[in-house]
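Contents: one structure, followed by commentary.
Residue numbers (the numbering used here): -6 to 666.
Structure below.
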């Protein structure tokens, strides 16, 4: 790390002295002196850059250590008041760590390291809420082994994520070149990588006319690694018999061709045998051909299982949803109901573990055929997170079954079920990406629900189905997180109107807007059903239209509210809606050209949506307070009449409300990023 003696003065002198030397030689004709001074200046610049990098690394590691200490304190608290104080401190440390890791990730040039930092940050962010609920449940039920297991698992996984950040940050620093234990923990080769490495070695042998002892040992080592990694395919219970037999046969064929190659190489080295060129060429061609066929066989086997992943994930998601009913048996025959609940929990857990094992196997095979390091890291961490957090859904359900009246246990189960759904979505998306990348068919039109060029007033250029890249996601992460928090607040407000959903258009519209805001938050993470910037802009247009409808409904509702302070507060909030609706609509319609301008528009759209969501949340809260105070009726309210944004609204609900897919009907002139 950066020594304390490096002050700003020392850094300035590092630049000043070589610079003055160049200035002196520029007045004369000393060419050699100019070269020497320029080299000195370059060396000084390099030293300063290295020093600055070491300072940044030190800051990041200090922030990581601070979060680690906060975790230790959280784990040892004994009462809820102390826990709240410790969690507040932990939250502040996490915000700082998130900022520093985002900046460091943007500076990294190695694709694998960037992907690893992103994966670690994702684990920390998603685990924070589980840390809160599992700790609350553990304090509420200190004697529950299942509650403690939930909490300890979350702590362990968060520490692993911070260890990964530590490993990536220190990688390549002076004095840290040898990290074999950490490398073995975080790095893992793939079958595709071993195959391509083997092919490269064979081509080198062909070009050199043979292979010396060192290269022969390297060939043998690569072959062993390849055979070991193909075991993940052949040992899988879900690999078909035909795929298994073909992979085994091709692995044997590669071993045979390499034996031929080594024999020819030894003959050339020892005897200088003439006429061995044809034999060497034949052995190299045979090995290269077998490697290509094995690669296709591995890809085919993985694709065969990847196609099963979406229905598998959906079944697993339904099973987890079934767990939500655990702990709510009928009040009669309590003892027999308890036995039936226990048996039901056992059956669901068994089926869930079966689905989990299959999904983990699929992720493992997908990692082996991933063609980029980013996808390899994504597949590896999907597998790790499923393996660790998957069983914890059942553990949380056992806690609730043992304490059916516990609100903390209920909340904890809901959070773990949400995490389970996220992990399944990650796995399904990964499978889809790899299926698309390994598909040998011509490019096909994707996202057919999007408007086609020349129709609906859209741009004449075709839309590209490309998400924001990782740097752009990092830049708008804060705005996206704020959007998520507002969506959660809106959900909390609408939950207060229990039993009023069917006849309460205010609740319906608010829930629609909350769902759309959450989808836009997912877009900032590269997740969810909004895939391109065009999808985001279309969703924002629908969001404005839904706010327009809600404005008209609340305006009618305000006529029922008696004059007074509460009505004045309601109208103050409500009168801000038209302005924010129009600002969002203008932002969505603003034309842009180029990726940078389009990203700026994405940021502006997120900001305007956030502002509108904030005022809508206040409107809904005030409506609820008025309804409770004055016992007002919501039946008969509708969204007819003039709107807040001066636009006519359709009678039907907007697409995208309640989690449905958005069907673009508006127009934007932007080219998707």
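A virtual CB, placed ideally from N, CA and C, is assigned to each residue, including glycine.
Where residue 568 sits in the DSSP three-state scheme: Against the chain shown, residue 568 aligns to sequence position 575. Here residue 568 sits in coil by DSSP.
Residue 207 beta carbon less than 8 Å from that of residue 158: Indexing the chain shown from 1 puts residue 158 at position 165. Indexing the chain shown from 1 puts residue 207 at position 214. Result no, Cβ atoms of residue 158 and residue 207 do not sit closer than 8 Å.
Spatial neighbours of residue 351 in its chain, beta-carbon cut-off 7 Å, leaving aside the 5 residues before and after: Reading the chain shown from its first residue, position 358 is the one you call residue 351. Cβ within range, chain order: 231, 305.
Reduced DSSP category for residue 523 - H, G, I as helix; E, B as strand; rest coil: Translated into the one-based positions of the chain shown, residue 523 becomes position 530. The answer is coil: DSSP assigns residue 523 none of H, G, I, E or B.
Nearest residue (CA-CA) to residue 129, options 144, 300, 348: On the chain shown, residue 129 is found 136 positions in, with the first residue counted as 1. Looking at the Cα atoms, 144 is the closest of the given residues.
Buried or exposed (CB count within 10 angstroms, at least 16 for buried), residue 73: Along the chain shown, one-based indexing puts residue 73 at 80. Residue 73 comes out exposed.
Inter-residue spacing [alpha-carbon to alpha-carbon] between residue 31 and residue 520: Within the chain shown, numbered from 1, the residue matching residue 31 stands at position 38. Within the chain shown, numbered from 1, the residue matching residue 520 stands at position 527. Residue 31 and residue 520: Cα-Cα distance of roughly 49 Å.
Buried or exposed (CB count within 10 angstroms, at least 16 for buried), residue 35: Position 42 of the chain shown, counting from 1, holds the residue named residue 35. The residue in question, residue 35, is exposed, as its Cβ has fewer than 16 Cβ neighbours within 10 Å.
Spatial distance of residue 112 from residue 539 (CA atoms): Position 119 of the chain shown holds residue 112. Position 546 of the chain shown holds residue 539. Those two C-alpha atoms are separated by around 35 Å.
Host alpha helix (DSSP H) of residue 298 (start-end): The residue given as residue 298 occupies position 305 in the chain shown. First-last of the alpha helix (DSSP H) with residue 298: 270 to 299.
Reduced DSSP secondary structure (H/G/I, E/B, other) of residue 581: Along the chain shown, read from residue 1 onward, the residue named residue 581 stands at position 588. The answer is helix: DSSP assigns residue 581 an H, G or I state.
Reduced DSSP category for residue 411 - H, G, I as helix; E, B as strand; rest coil: As a position in the chain shown, residue 411 is number 418, starting the count at 1. Residue 411 falls in the helix class under three-state DSSP.
Sequence-distant residues of its chain with Cβ nearer than 8 Å to residue 537 (five each side left out): Position 544 of the chain shown holds residue 537. Within the same chain, residue 537 has close Cβ partners 574, 577, 578, 581, 605, 638.
Residue burial classification, residue 203 (beta-carbon count within 10 angstroms, cutoff 16): On the chain shown, position 210 is the one that residue 203 refers to. Residue 203 is buried by the Cβ-count criterion.
Cβ neighbours of residue 562 in the same chain (closer than 6 Å, five flanking residues each side left out): In the chain shown, counting from the first residue as 1, residue 562 sits at position 569. Only 615 meet the Cβ criterion.
Environment of residue 42 [buried if 16+ CB atoms lie within 10 Å]: Within the chain shown, residue 42 is the residue found at index 49, counting from 1. Counting Cβ neighbours within 10 Å, residue 42 comes out exposed, since fewer than 16 surround it.
Whole-angstrom C-beta distance between residue 507 and residue 480, which should lie under 8 Å: Looking up residue 480 in the chain shown gives position 487. Looking up residue 507 in the chain shown gives position 514. Confirmed, about 5 Å.
C-alpha gap between residue 229 and residue 612, whole angstroms: In the chain shown, the residue the question calls residue 229 occupies position 236. In the chain shown, the residue the question calls residue 612 occupies position 619. Answer to the nearest angstrom: the Cα atoms are 55 Å apart.
contact_flag[the segment 421 to 433, the segment 136 to 153] where n(CB pairs < 8 Å) is 3 or more: no
Close-in-space but distant-in-sequence residues of the same chain around residue 52 (CB under 8 Å, 5 per side omitted): For this step, residue 52 is matched to residue 59 along the chain shown. Closer than 8 Å at the Cβ level, and outside the excluded window around residue 52, lie 93.
Anticipated Cβ contact below 8 Å, residue 499 with residue 547, distance rounded: Here residue 499 refers to the residue found at position 506 of the chain shown. Here residue 547 refers to the residue found at position 554 of the chain shown. Sure, about 6 Å apart at Cβ, within 8 Å.
Element boundaries [alpha helix (DSSP H), containing residue 364]: Counted from its first residue, the chain shown places residue 364 at position 371. It is not in any alpha helix (DSSP H) - residue 364 carries neither H nor E in the DSSP assignment.
Where residue 566 falls, given that 16 or more other Cβ within 10 Å makes a residue buried: Here residue 566 corresponds to residue number 573 of the chain shown, with the count starting at 1. Residue 566 is buried by the Cβ-count criterion.
Inter-stretch contact at 8 Å, needing at least 3 Cβ pairs: the segment 339 to 350 / the segment 369 to 378: no
C-alpha distance - residue 430 paired with residue 368, whole-angstrom precision: Locating residue 430 in the chain shown gives position 437, where the first residue counts as 1. Locating residue 368 in the chain shown gives position 375, where the first residue counts as 1. If I take the Cα positions, the gap works out to 11 Å.
Local Cβ density within 10 Å of residue 98, reported as buried at 16 or more and exposed below that: As a working mapping, residue 98 is identified with position 105 in the chain shown. The residue is buried, with at least 16 neighbouring Cβ atoms inside 10 Å.
Collapsed DSSP secondary structure at residue 231 in the structure displayed: The residue labelled residue 231 in the question sits at position 238 within the chain shown. In the structure shown, residue 231 sits in coil (DSSP, three-state: anything other than H, G, I, E or B).
Whole-angstrom distance between residue 395 and residue 338, CA atom to CA atom: What you label residue 338 is simply residue 345 of the chain shown in a count that begins at 1. What you label residue 395 is simply residue 402 of the chain shown in a count that begins at 1. One C-alpha to the other measures close to 11 Å.
Alpha helix (DSSP H) segment containing residue 505, residue limits: Along the chain shown, one-based indexing puts residue 505 at 512. It spans 498 to 517 - the alpha helix (DSSP H) in which residue 505 sits, taken as one unbroken run.
Residue 238, buried or exposed, once every other Cβ within 10 Å from all chains shown has been counted against 16: Residue numbering aside, residue 238 sits at position 245 when the chain shown is read from its first letter. Residue 238 should be labelled exposed.
Candidates 252, 37, 121, of which the one nearest residue 60 by Cα: Looking up residue 60 in the chain shown gives position 67. Per the Cα distances, 121.
Expected contact under 8 Å - CB spacing of residue 126 and residue 408 to nearest Å: Residue numbering aside, residue 126 sits at position 133 when the chain shown is read from its first letter. Residue numbering aside, residue 408 sits at position 415 when the chain shown is read from its first letter. Rounded, the Cβ-Cβ distance is 5 Å, consistent with contact.
Residue burial classification, residue 557 (beta-carbon count within 10 angstroms, cutoff 16): What you label residue 557 is simply residue 564 of the chain shown in a count that begins at 1. Exposed.
Environment of residue 524 [buried if 16+ CB atoms lie within 10 Å]: The residue given as residue 524 occupies position 531 in the chain shown. So residue 524 ends up on the buried side.
The segment 282 to 296 contacting the segment 234 to 252, beta-carbon criterion three pairs below 8 Å: yes
CA-to-CA distance, residue 412 to residue 313, given in whole angstroms: Within the chain shown, numbered from 1, the residue matching residue 313 stands at position 320. Within the chain shown, numbered from 1, the residue matching residue 412 stands at position 419. Cα to Cα, residue 313 sits roughly 10 Å from residue 412.
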